[in-house]
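Protein chains in written order, with UniProt numbering: chain A, 1 to 240; chain B, 1 to 240.
Idealized CB from N, CA, C, for every residue including glycine.
What you are looking at is a predicted structure, and each value in this text was computed from that prediction instead of being measured.
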DNA sequence: AAGACACTTCGGCCCTCACCGAAGGATCGC
DNA sequence: GCGATCCTTCGGTGAGGGCCGAAGTGTCTT
């Protein structure tokens with residue numbers, strides 16, 4: 001009945017890893033970690049390669065199942081295939097030894113500050129804001145870390161009070177810890193993390209800054225988080 | 001105070017992925033997933049490459065932090081560096097599209113049957129036995145999958161009854177689901193999974209078959225699992 | 001219809017890297 | 001000490017793959 005003959009060999013694993021073993025392709029995937037769809041040209045410019053080179057890489061990534069694509073007119077939109085893929089890249093990124101690259105220009109410094117303050121991580125919230133929300137939820141007994149991360153009964157009720165329904169059970173874990181690159185502490189991911197992030201956008205708590213993955217807390221969001229989580233406002237002063 | 005300037009670039013991620021992007025190195029890592037230490041020659045023979053080639057690959061893997069090594073006389077013992085690394089390889093392996101390789105010879109069939117029945121997966125139990133234990137623990141209310149995988153109070157008591165103390169809290173999650181390659185269903189991993197596996201070896205419930213990662217259930221183990229989990233004996237008939 | 005734009009295909013360049021065999025330590029057993 | 005075993009270093013070879021620019025296809029705008 002079950003397929004016991006499916007044998008995983010070294011080359012199989014190597015083929016998958018090989019997709020991420022190129023600087024340009026890895027750069028694509030890191031950019032796509034913001035959870036949005038990018039066009040081929042945007043990615044090419046982002047990585048600093050010719051359009052033709054980007055095409056070849058995208059063909060490999062899509063063919064390998066890491067990326068999903070949608071054609072719209074003359075545009076080729078591409079995004080991470082699924083949450084599992086996003087988690088794989090996160091995991092890899094969190095284990096990769098990072099070079100210390102002091103930001104060069106003043107705009108670069110501002111950009112990196114904005115990213116550290118609040119950003120999307122695939123489909124959930126990260127940065128100081130994401131971590132602060134996660135820790136406040138823990139302090140209020142909405143999350144429990146004792147034996148693995150879980151959403152408590154109070155947590156379910158709290159979500160309901162915000163108008164967020166529990167996501168249906170799938171293979172994706174409802175709550176999951178995702179190590180924050182800048183904070184070095186975990187923030188909330190998983191289906192519930194995604195639902196919370198979606199709700200934050202829909203309700204105008206947060207809004208995108210420019211075209212990147214950085215987000216800013218709005219005045220509404222600041223007040224809502226203070227009311228519902230007791231978050232002090234130092235976490236998310238709106239940025240220009 | 002915190003290092004906000006550490007920027008992860010594409011090449012950083014690519015360098016890590018590149019370590020696993022070679023068939024031979026991937027084969028090494030899959031072999032090391034049994035959680036034990038292998039010598040360089042064993043790995044070379046396993047992967048079918050010259051000893052000199054194996055040396056080069058091991059240098060890369062150790063240098064990249066994926067493997068830890070210990071020199072003992074003329075032997076170079078090598079093992080996975082830590083549970084995080086093991087989980088990374090598991091994740092990669094579970095996402096890699098696998099070729100269907102019908103086992104060729106009769107001994108190969110027996111080996112693959114033994115592996116499907118019971119084996120180690122890094123430091124915990126996998127195969128039909130690992131999945132059966134996990135599902136029995138779930139049925140008896142020792143594990144809860146509702147909002148992420150957790151060990152229940154009953155589960156803690158059950159472990160204590162077996163003489164297994166709760167592992168101290170570290171960065172490693174106490175319980176974690178690990179997708180079983182052969183069963184396509186999750187089995188118990190994490191610190192508790194590791195403690196249970198260690199206890200199973202120490203108490204003689206299971207024993208290694210030959211030199212691979214396959215294990216066999218002993219008569220003691222069969223009886224203990226029946227008494228404590230109600231496991232029927234079809235799961236683990238001892239193999240020659 | 002014409003031009004601009006987004007993407008793809010192709011050919012060619014060059015560099016990286018996996019591999020081996022031969023030779024040279026290093027360690028163990030006798 | 002003397003082979004046998006385990007590992008390492010080094011040079012050479014060959015294949016693979018990342019890159020670009022030029023030319024071609026399809027799509028949108030004017």
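I'd like to know whether the C-beta atoms of residue i and residue j end up nearer to each other than 7 angstroms.
i, j, result
"residue 127(A)", "residue 136(A)", "no"
"residue 134(A)", "residue 66(A)", "no"
"residue 26(B)", "residue 20(B)", "yes"
"residue 243(A)", "residue 183(A)", "The requested residue 243(A) does not occur in the structure, where chain A is confined to residues 1 to 240."
"residue 75(A)", "residue 39(A)", "yes"
"residue 12(B)", "residue 96(A)", "yes"
"residue 120(B)", "residue 34(B)", "yes"
"residue 77(B)", "residue 70(B)", "yes"
"residue 122(B)", "residue 81(B)", "no"
"residue 79(B)", "residue 68(B)", "yes"
"residue 17(B)", "residue 17(A)", "yes"
Compare the C-beta of residue i against all C-beta atoms of chain A and say whether one is closer than 7 angstroms.
i, result
"residue 12(B)", "yes"
"residue 138(B)", "no"
"residue 34(B)", "no"
"residue 27(B)", "yes"
"residue 91(B)", "yes"
"residue 69(B)", "no"
"residue 180(B)", "no"
"residue 80(B)", "no"
"residue 96(B)", "yes"
"residue 1(B)", "Any answer about residue 1(B) is weak, because its pLDDT of 35 lies below 50 and its placement is not dependable; what the coordinates show is given next. No - not a single Cβ of chain A is within 7 angstroms of the one on residue 1(B)."
"residue 129(B)", "no"
"residue 72(B)", "no"
"residue 231(B)", "no"
"residue 236(B)", "In this prediction, residue 236(B) has a pLDDT of 47, which is less than 50 and means its spatial position is unreliable; nothing more can be read from the coordinates."
"residue 151(B)", "yes"
Quick one: what's got a C-beta closer than 6 angstroms to residue i's C-beta in the same chain, skipping five residues either side?
i, result
"residue 229(A)", "136"
"residue 36(B)", "none"
"residue 221(B)", "205, 206"
"residue 177(A)", "149, 186"
"residue 124(A)", "189, 193, 194, 197"
"residue 4(A)", "For residue 4(A), the predicted structure reports a pLDDT of 40, less than 50, and the residue's modelled location is therefore unreliable. A value from the coordinates is still provided. Taken in chain order, the list of residues that qualify is empty."
"residue 213(A)", "34, 119, 120"
"residue 191(A)", "167, 172, 174"
"residue 170(A)", "none"
"residue 47(A)", "24, 27"
Could you check whether the Cβ of residue i sits closer than 7 angstroms to any Cβ belonging to chain B?
i, result
"residue 109(A)", "no"
"residue 18(A)", "yes"
"residue 175(A)", "yes"
"residue 148(A)", "yes"
"residue 191(A)", "no"
"residue 21(A)", "yes"
"residue 58(A)", "no"
"residue 220(A)", "no"
"residue 188(A)", "no"
"residue 143(A)", "no"
"residue 217(A)", "no"
"residue 88(A)", "yes"
"residue 239(A)", "Here residue 239(A) scores only 39 on pLDDT, less than 50, and its place in the model is too uncertain to base an answer on."
Using C-beta distances below 8 angstroms, list every residue in its chain close to residue i, excluding the 5 sequence neighbours before and after it, in chain order.
i, result
"residue 238(A)", "At residue 238(A), the pLDDT of 43 sits below 50, so the modelled position is not reliable and the matter cannot be decided from this model."
"residue 140(A)", "154, 158, 229, 230"
"residue 41(B)", "51, 54"
"residue 209(A)", "114, 215, 216, 239"
Counting only the same chain and skipping the five closest in sequence on each side, list residues whose C-beta sits under 7 angstroms from that of residue i.
i, result
"residue 156(B)", "166"
"residue 179(B)", "94, 186"
Practice item. Please determine if the region 51-66 of chain B and the region 142-161 of chain B are in contact, where contact requires at least 3 C-beta pairs separated by less than 8 angstroms. Key: Judged by Cβ distances under 8 angstroms, the region 51-66 of chain B makes no contact with the region 142-161 of chain B, as fewer than three pairs qualify.
Review point. If you pair each beta-carbon of the region 26-35 of chain A with each one of the region 59-75 of chain B, do three or more pairs fall below 8 angstroms?
Key: The way I'd put it, the region 26-35 of chain A doesn't touch the region 59-75 of chain B; fewer than three beta-carbon pairs between them come closer than 8 angstroms.
Check your understanding: If we count Cβ pairs, one from each stretch, closer than 8 angstroms, do we get three or more for the region 194-203 of chain A versus the region 150-164 of chain A?
Key -> At 8 angstroms Cβ cutoff, the stretches touch.
Practice item. Let me know the beta strand (DSSP E) ranges lying completely inside the region 183-213 of chain A, each 3 residues or longer, listed in chain order. Key: Taking only runs of at least 3 residues, the beta strand (DSSP E) segments lying wholly in the region 183-213 of chain A are 186-189, 206-208.
Practice item. Run through the UniProt domain "HTH arsR-type" (5-100) of chain B for me and flag every whole alpha helix (DSSP H) of 4 or more residues, listed as ranges in chain order. Key: Runs found: 10-19, 23-32, 40-47, 51-63, 83-95.
Exercise for review: Identify every run of the beta strand (DSSP E) within the region 114-168 of chain A, keeping only runs that are complete inside it and at least 3 residues long; order them along the chain.
Suggested key: Runs found: 119-121, 124-126.
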